[in-house]
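Asks:
Below you can see the structure in the form of structure tokens.
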């Protein structure tokens with residue numbers, strides 16, 4: 132069936148073909164029935180598939196749609212059904228418009244989750260990979276705030292770790308120290324290392340946030356030391372001011388070494404007059420020679 136072929140593409144990781152199949156909906160709905168694919172799976176699936184096979188098929192279909200839209204990073208995090216997502220895409224007039232609308236809507240849902248502190252299944256690197264990098268600073272800050280509020284507190288002779296278990300970064304910390312319980316007795320030998328590890332993790336994340344805040348944009352030029360190259364080129368100086376500010380170190384225009392402008396004009400006129408005089412003299416000499424030849428001819432005759 133069509134659903135099975137889509138699931139096979141997903142298993143192989145052939146997401147480009149899945150995207151092509153969705154694009155085919157706008158050219159041939161009968162060959163690519165995405166508008167009824169989920170409905171048919173929910174209605175006919177239980178009759179022909181075992182429960183675990185049906186669940187796997189639904190999960191593969193969901194991943195196929197999210198991956199084709201380049202937002203696999205949100206597949207688990209968002210409380211959005213596959214059918215709802217397909218409805219957003221297919222109601223538009225083209226795949227391009229549908230993809231844009233779906234991504235914008237899902238990005239809005241992700242931003243709302245971050246604002247509410249619901250950070251589970253939101254991974255910064257995955258968001259950046261899918262083109263949602265603008266959500267990452269807010270996510271990292273929310274993770275840091277969540278960690279800071281989860282500081283272990285001593286209560287009735289034991290440190291309460293419940294808040295750490297609810298924190299994304301806190302769970303990673305507990306895993307590193309192999310702590311699974313919700314509390315640690317005050318005299319437990321792991322308490323000291325755990326508290327020190329907590330302080331180090333908070334400091335590390337604070338430094339990362341600071342570094343990220345001052346990091347230059349991708350288009351900024353930087354030195355080998357990471358310093359931003361500033362544009363120190365002075366503003367353009369008007370020509371008149373440039374002449375007044377001449378110093379021995381500045382090369383002067385070559386015309387100033389030849390002659391002032393008025394002298395240049397006089398020199399040009401004198402040169403033209405001289406050429407005219409030479410031309411007239413040459414003409415007179417030619418006429419004189421012609422007359423001499425004529426007299427000689429007459430005499431010989």
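Numbering (the working numbering), first residue to last: 132 to 432.
Note that the Cβ used here is the ideal one computed from N, Cα and C, for glycine as well.
Within 10 angstroms of its Cβ, does residue 206 collect 16 or more other Cβ (buried), or is it exposed?
Replies: buried
Asks: Please specify which runs of the beta strand (DSSP E), each continuous and at least 3 residues long, are wholly inside the region 150–204, giving them in chain order.
Replies: none
Asks: Using only the alpha-carbon positions, how far apart do residue 238 and residue 315 sit?
Replies: 39 Å
Asks: Quick check on DSSP: helix, strand or coil for residue 247?
Replies: Residue 247: coil per DSSP, three-state reduction.
Asks: Where does residue 145 fall in DSSP's three states?
Replies: Residue 145 falls in the coil class under three-state DSSP.
Asks: In or out: residue 229 buried (at least 16 other Cβ within 10 Å) or exposed?
Replies: By the 10 Å Cβ count, residue 229 comes out buried.
Asks: Can you tell me the Cα-Cα spacing of residue 163 and residue 255, whole angstroms?
Replies: 34 Å
Asks: Just the C-alpha distance for residue 221 and residue 190, rounded to the nearest angstrom, thanks.
Replies: 20 Å
Asks: To test your reading of the DSSP string, which unbroken alpha helix (DSSP H) runs of 4 or more residues are found completely within the region 304–347?
Replies: 321–345
Asks: Just verifying my parser: in three-state terms, what is the DSSP assignment at residue 252?
Replies: coil
Asks: May I ask you to verify whether the region 305–313 touches the region 237–253, counting CB pairs closer than 8 Å and requiring at least 3?
Replies: no
Asks: Measure the beta-carbon distance from residue 146 to residue 233 and round it to whole angstroms, keeping in mind my assumption that it falls under 8 Å.
Replies: In fact, because the Cβ distance is near 15 Å, the residues do not count as touching under 8 Å.
Asks: Could you check the C-alpha separation between residue 225 and residue 155 for me, to the nearest Å?
Replies: 10 Å
Asks: Which residues bound the beta strand (DSSP E) around residue 289?
Replies: Bounds of the beta strand (DSSP E) holding residue 289 are 289–291.
Asks: Just grab the DSSP bridge partners of residue 284 for me.
Replies: Per DSSP, the beta bridge partners of residue 284 are 291.
Asks: With three or more C-beta pairs closer than 8 Å as the rule, is the region 266–273 touching the region 328–335?
Replies: Too few Cβ pairs lie closer than 8 Å, so no.
Asks: Please list, in chain order, all residues of the same chain as residue 185 whose beta carbon is under 7 Å from its beta carbon, the five residues on each side excluded.
Replies: 176, 177
Asks: In terms of residues, what are the limits of the alpha helix (DSSP H) holding residue 278?
Replies: Residues 267–279.
Asks: Tell me the rounded alpha-carbon separation between residue 339 and residue 153.
Replies: 40 Å
Asks: Do you know whose CA, among 262, 210, 281, lies nearest residue 302's CA?
Replies: 281
Asks: Name the two residues that bound the continuous alpha helix (DSSP H) containing residue 220.
Replies: 213–221
Asks: Would you call residue 320 buried or exposed, if buried means 16 or more other Cβ atoms sit within 10 Å of its Cβ?
Replies: exposed
Asks: For a quick check, are the C-beta atoms of residue 134 and residue 211 less than 8 Å apart?
Replies: no
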